[in-house]
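Numbering (this note's numbering), first residue to last: 2 to 568.
Okay, structure first, notes after.
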């Protein structure tokens, strides 16, 4: 299962300034750096620095690649402007608009520590692949209760899934009270307790309880991490960082596969596989404690009357200065906080302090939930867990030697998933959401129909099955994997965003649970060929849904999404 998650947008961008048109240049032939308001794109009174879009119309793939390079080089983003002359000539520099100045080194940690929440979720998926083999082995389990029934093994595998489902339910009413940072600290604590308890479990009952606790951490992390990243990162790199979170999930899966491959021949190896996530969880918790709270969340609390206005505003200024690597009390952060506070007050004027549960199912919020909830639902019911279940048998029939070792096969698949996710990260701000989503879902449908054909009448051509498997994995990782949660983060209105995203997380885990536990009886009832045909039909339905209902949000501010798309 993939998340990528993606949430309320916090734009700390000074891009409301733009070069003055050539006609306003006073001297012929001179190039002056004159600025005007961005009145043609979104009115200043309605578009504060915190609430602008996901990169803007000038954020190209070149910017994405350069952003990734600068992110790890410790450079500093500089403002750029477009030179204009009387003859109407303009610089063709794609980054000519004024961009917020910030320290790249200050961006890394506010992204990295929340992203560990996604990495630990992915690691559990990968580690479980090898842990089940170790746990069931009379020679390698190191226990006297290794002879687990199918139901008991299913509970071990899905224990974290049920915990995540429960965590999603618990976080629904508590998310706005806890805040993003405290939610992630709690997730790290639950991760660490669940991991350590699993590693030292003396019996099946303790093991199952520990898996449930670890799953609670997943539920909190999958809600809080995308929120914190989206609300604290600069606008011009938001799309890249949110998509990189999906990369961390896949990286966690691959790490779990590698650890499983390394520990598979060790007695009690499953304990080491699960236990390795504990130190990562501790690092995540310590890291989140060192970060400031989300400035946008602090201002929302102030506007909603949940605390002293002046005190929360000062905390927001201090948090923003830290997040941008600026000196405390700098004028740029102060101006951005004032403008954001004004925008939030306007948005909440004559309204309740926050959207109710029923409001998620009304008006623009209902349309957003149909789009976001539909994407995460189709993400699971197109059979993603089930297709990978067949990866081993498919590659074995094709004669690949690596398929004889399940753990090494998993490393191969995980590496390919990681590569395709990287492609999506690099192209999401260039091509847009819809092209990647529609193209990828089309590839998923084709791959499922090819797998049906292989099991039905092309059994003598195993390379067809191999190609179909790789097409499925690649198509999923450039479409449903990252795009679903990026769209979820952008599509919900401000008033119901927290609750709407909680429902989307709940929908994802719930549909995943249904697919996971319906797979075996459906396989016995329909057979492999017809099961893939069923998944293929659902994939075609999801393709129609993407074409008809899913909008393009690239370059749109949150206000534009709510006014132009949802209404």
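Beta carbons: idealized from backbone N, C-alpha and C, even for Gly.
Everything numeric in this text was worked out from a predicted model, so none of it was measured.
When the options are compared against residue i, the one with the closest alpha-carbon
i, options, result
"residue 517", "323, 382, 165", "382"
"residue 128", "545, 191, 459, 264", "264"
"residue 288", "139, 303, 483, 115", "115"
"residue 212", "359, 166, 224, 452", "166"
"residue 434", "554, 277, 184", "554"
"residue 269", "550, 338, 136", "136"
"residue 298", "196, 232, 169, 168", "232"
"residue 194", "140, 124, 279, 512", "279"
"residue 344", "496, 144, 140", "496"
"residue 197", "273, 238, 164", "273"
"residue 108", "335, 545, 324", "324"
"residue 494", "151, 306, 303, 366", "366"
"residue 140", "156, 482, 469, 271", "271"
"residue 184", "294, 335, 142, 304", "294"
"residue 425", "333, 484, 164, 501", "484"
"residue 242", "529, 304, 487, 542", "487"
"residue 474", "143, 527, 511, 416", "416"
"residue 276", "199, 238, 220", "199"
Same chain only: Cβ atoms within 6 Å of residue i, ignoring 5 sequence neighbours per side
i, result
"residue 444", "472, 476"
"residue 201", "none"
"residue 177", "499"
"residue 249", "116, 119, 120"
"residue 505", "373, 374, 377, 489"
"residue 125", "161"
"residue 547", "438, 439, 442"
"residue 507", "169"
"residue 335", "318"
"residue 180", "294, 298"
"residue 492", "369, 372, 373"
"residue 379", "543"
"residue 529", "456"
Simplified DSSP state of residue i, which is helix, strand or coil
i, result
"residue 493", "coil"
"residue 312", "helix"
"residue 384", "coil"
"residue 554", "coil"
"residue 548", "helix"
"residue 117", "helix"
"residue 144", "coil"
"residue 328", "coil"
"residue 293", "coil"
"residue 305", "coil"
"residue 458", "coil"
"residue 528", "coil"
"residue 174", "helix"
"residue 433", "coil"
"residue 139", "coil"
"residue 150", "coil"
"residue 363", "coil"
"residue 562", "helix"
"residue 543", "helix"
"residue 480", "coil"
Sequence-distant residues of its chain with Cβ nearer than 8 Å to residue i (five each side left out)
i, result
"residue 412", "255, 258, 259, 262"
"residue 186", "286, 289, 290"
"residue 146", "204, 205"
"residue 465", "451, 454, 455, 459"
"residue 346", "304"
Cut-off 7 Å between Cβ atoms - residues of its own chain near residue i, not counting five sequence neighbours on either side
i, result
"residue 540", "383, 442, 445, 446, 449"
"residue 292", "110, 111, 114, 182"
"residue 503", "169, 172, 173, 176, 224"
"residue 252", "120, 123, 419"
"residue 537", "446, 449, 450, 453"
"residue 524", "532"
"residue 282", "121, 189, 192, 193, 196"
"residue 329", "319, 322"
"residue 422", "247, 248, 251, 478, 482, 483"
Distance cut-off 8 Å: residue i Cβ against heavy atoms of the ligand NAP
i, result
"residue 197", "In the structure on display, the ligand NAP does not appear, and there are no ligands present to speak of."
Residue-chain proximity (residue i, chain C), Cβ-Cβ < 9 Å
i, result
"residue 384", "Absent here is chain C; the protein component of the structure consists of one chain."
Practice task
Could you tell me which uninterrupted alpha helix (DSSP H) segments, each at least 4 residues in length, are contained entirely in the region 176-211, listed from first to last along the chain?
Solution key: Taken in chain order, the unbroken stretches of alpha helix (DSSP H) that lie wholly in the region 176-211 and span 4 residues or more are 181-200.
Exercise for the section: Please list the segments of the alpha helix (DSSP H) lying wholly inside the region 224-279, counting only runs of 4 or more residues, in order along the chain. Expected result: Runs of the alpha helix (DSSP H) inside the region 224-279: 239-264, 270-276.
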